[in-house]
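Below is one structure; the comments refer to it alone.
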Amino acid sequence: MTRHKVLPAAHYAEYLVLDKVLDAQHPRSALVGKQAHDEMLFIIIHQVYELWMKQILHELGSVEQAFADGELDEREIAVVVHRLGRVEKILRLFVEQIDVLETMTPVDFLEFRNYLVPASGFQSFQFRKIETLLGLRPPHRIAYGGKDYKEPFSEAQREELAQMERQPSVFDHVAAWLERMPFLNIEDFHFLEHFRRAVAESVEKDREAIQQTAFLDAEEKALRLRMLEQKATYYEAVLNPQRHTQLHQEGRIRLSYRALLAALMIYLYRDEPVLQQPYDLLNRLMNIDETLVLWRFRHAQMVLRMLGYKMGTGGSSGYDYLMDTVHRHSIFKDLMTVHTFLVPRSALPPLPETLRKALDFHFAVK
Ligand code: HEM
Numbered sequence: 000m001t002r003h004k005v006l007p008a009a010h011y012a013e014y015l016v017l018d019k020v021l022d023a024q025h026p027r028s029a030l031v032g033k034q035a036h037d038e039m040l041f042i043i044i045h046q047v048y049e050l051w052m053k054q055i056l057h058e059l060g061s062v063e064q065a066f067a068d069g070e071l072d073e074r075e076i077a078v079v080v081h082r083l084g085r086v087e088k089i090l091r092l093f094v095e096q097i098d099v100l101e102t103m104t105p106v107d108f109l110e111f112r113n114y115l116v117p118a119s120g121f122q123s124f125q126f127r128k129i130e131t132l133l134g135l136r137p138p139h140r141i142a143y144g145g146k147d148y149k150e151p152f153s154e155a156q157r158e159e160l161a162q163m164e165r166q167p168s169v170f171d172h173v174a175a176w177l178e179r180m181p182f183l184n185i186e187d188f189h190f191l192e193h194f195r196r197a198v199a200e201s202v203e204k205d206r207e208a209i210q211q212t213a214f215l216d217a218e219e220k221a222l223r224l225r226m227l228e229q230k231a232t233y234y235e236a237v238l239n240p241q242r243h244t245q246l247h248q249e250g251r252i253r254l255s256y257r258a259l260l261a262a263l264m265i266y267l268y269r270d271e272p273v274l275q276q277p278y279d280l281l282n283r284l285m286n287i288d289e290t291l292v293l294w295r296f297r298h299a300q301m302v303l304r305m306l307g308y309k310m311g312t313g314g315s316s317g318y319d320y321l322m323d324t325v326h327r328h329s330i331f332k333d334l335m336t337v338h339t340f341l342v343p344r345s346a347l348p349p350l351p352e353t354l355r356k357a358l359d360f361h362f363a364v365k
């Protein structure tokens, strides 16, 4: 029988090391004269963010590890989905906490802002780790003033980030997992051919609807038909591998052609039992990406409100730089780009029986 070490009785304050945590707020304004009242809020809110970032890294680290350990079975996917759900909920708090910070007015902020120079969010090592672990890589980053994003950190921290960049990110793992999805071609079922027919039918239905309606005159009909032709070319990224390669080379799509098709098939046939978990996984990643984008946007608006167009203490242009990150630092945008190619599910043929069986759960009846 294994003997467990007997621990001393736990005490709330000791267990949480509250003497350290609650003694970690040192307003700088107090060092040079009168303490600015709102500096306490400013410190605590940043500390709370950093603690939540620690938890996010804990969750994402385990997700990355689960993928790195090899092929995931259904049970492991369920755990990954659950943990990503927790990350999403924490990020929602990130967005909401800005409301608390915005109870500080810009003039109250100016009372102590000068004492913070050159400290800046650019020095949040944990935030950079989260971005890197999720899949943001140097070529996708916006360089501010030609500087490397690692510059504000110690040598050991820079090396840790460089090491993370060399390892597969959550994005890379998910992309590779999508590529391994086995259902694109099974026996006489070829997803791409099904999809090609569904697109042709859906475009044809739209064309007929425009031509037959009595509510548009000839000129408007011609315009709508031209728009429909353009819409049909969107689908080229899926129907034509060369078009996908071109978009991939231009950096407009990061997922490989096969991964893109797999994501599309998961979205379209997500009700099939075996595709429900994969759908939940993709959905969670989209939620995380969307919530991070929301945080970036809320943070940028808050910065505009606090500083107007002043430069940041970290040396960036401030608001304009932050707004650029809203669009450009999204990591799982491809999973949403795939939505461009969705067709009504009613336009898709039912799956052949062999594939339906392969996608179904079978409980043995005794
Ligand atoms: C009055 C409140 C705040 C102001 C005025 C402010 C201002 C700024 C500015 C101007 C930047 C651009 C970098 C620079 O040049 O310094 C920045 C970046 C950043 N801030 Fe804040 N910030 C505030 C609160 C917060 C809070 C509460 C957090 C929570 C962790 C935070 C996290 C960050 C991060 C992570 C970045 C880097 C963003 C990126 O490069 O994508 N900031 N902040």
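Numbering of the sequence shown is given in numbering that gives the first Met the number 0, commencing with residue 0 and proceeding in unit increments. By construction, the Cβ of each residue, glycine as well, lies at the ideal position given by its N, Cα and C atoms. Being a predicted model, the structure only gives us computed values, none of them experimental.
Item	Value
Name, in chain order, the residues that DSSP records as bridge partners for Ile185.	Phe188
On the CB-based measure, 16 or more other CB atoms within 10 Å of its CB, does Lys53 come out buried or exposed?	exposed
Please report how far the alpha carbon of Leu17 lies from the alpha carbon of Phe41, in whole angstroms.	19 Å
Let's test the definition: count the other Cβ atoms within 10 Å of the Cβ of Gln229 and tell me whether it reaches 16, buried, or not, exposed.	exposed
Under 8 Å, with one C-beta from each stretch per pair, do the segment 110–122 and the segment 267–278 reach the 3-pair mark?	no
Compute the distance between the beta-carbons of Gln305 and Phe190, then report whether it is under 8 Å.	Contrary to the premise, residue 305 reads as Met rather than Gln in this sequence. For Met305 and Phe190, no; Cβs fall outside 8 Å.
With a CB to CB cut of under 8 Å and the five nearest residues on each side skipped, what residues in its chain are close to Gln156?	Phe124 and Lys149
So, Gly134 versus Ile287, is the Cβ gap smaller than 8 Å?	no
What did DSSP end up calling Tyr370 once you bin it into helix, strand or coil?	Past the edges of the chain, shown from 0 to 365, lies residue 370, and the structure says nothing about it.
Comparing C-alpha positions only, which one of Arg196, Val20 and Val86 sits nearest to Ile43?	Val20
Is it the case that the Cβ atoms of Gly307 and Tyr143 are separated by a distance below 8 Å?	no
From the DSSP output, in three-state form, read off Asp319 for me.	helix
Got a sec, what are the start and stop residues for the alpha helix (DSSP H) Pro272 sits in?	Pro272 to Leu306
Grab the span of the alpha helix (DSSP H) containing Thr232 for me, first residue to last.	Ala217 to Tyr233
Taking the alpha-carbon of Leu115 as reference, which of Ile209, Thr290, Arg27 and Asp333 has the nearest alpha-carbon?	Arg27
Can you list, in chain order, the residues of its chain whose CB lies under 7 Å from that of Tyr11, leaving out five sequence neighbours each side?	none
Pull up the distance between the alpha-carbon of Val198 and that of Ala208, whole angstroms please.	15 Å
Closer than 7 Å: is that where the CB of Gly307 sits relative to any heavy atom of the ligand HEM?	no
If distances are taken between C-alpha atoms only, which option among Ile76, Glu70 and Arg85 comes closest to Trp51?	Arg85
According to the Cβ coordinates, are Leu90 and Val79 closer than 8 Å?	no
With H, G and I counted as helix, E and B as strand and the rest as coil, what does DSSP make of Lys365?	At Lys365, the pLDDT of 41 sits below 50, so the modelled position is not reliable; the number obtained from the coordinates is stated separately. If DSSP states are grouped into helix, strand and coil, Lys365 belongs with coil.
Using DSSP with H/G/I as helix, E/B as strand and the rest coil, what is His10?	coil
Determine contact between the segment 171–188 and the segment 254–264, defined as no fewer than three beta-carbon pairs at a distance below 8 Å.	yes
I want to check one thing, is the minimum distance from the CB of Ala231 to the heavy atoms of the ligand GDP below 7 Å?	The model depicted lacks the ligand GDP and carries the ligand HEM instead.
For Met366, verify whether its CB is less than 7 Å away from any heavy atom of the ligand HEM.	Beyond the ends of the chain as shown, which are 0 and 365, falls residue 366; an answer cannot be given.
How many Å lie between Tyr320 and Pro181 at the Cα?	42 Å
Does the beta-carbon of Val106 have 16 or more other beta-carbons within 10 angstroms, so that it is buried, or is it exposed?	exposed
Quick check: does the Cβ of Leu100 come within less than 7 Å of any heavy atom belonging to the ligand HEM?	yes
What separation, rounded to the nearest whole angstrom, lies between the Cα atoms of Leu350 and Val99?	51 Å
Going by alpha carbons, who is nearest to Lys356 out of Glu200, Asp147, Phe188 and His298?	Phe188
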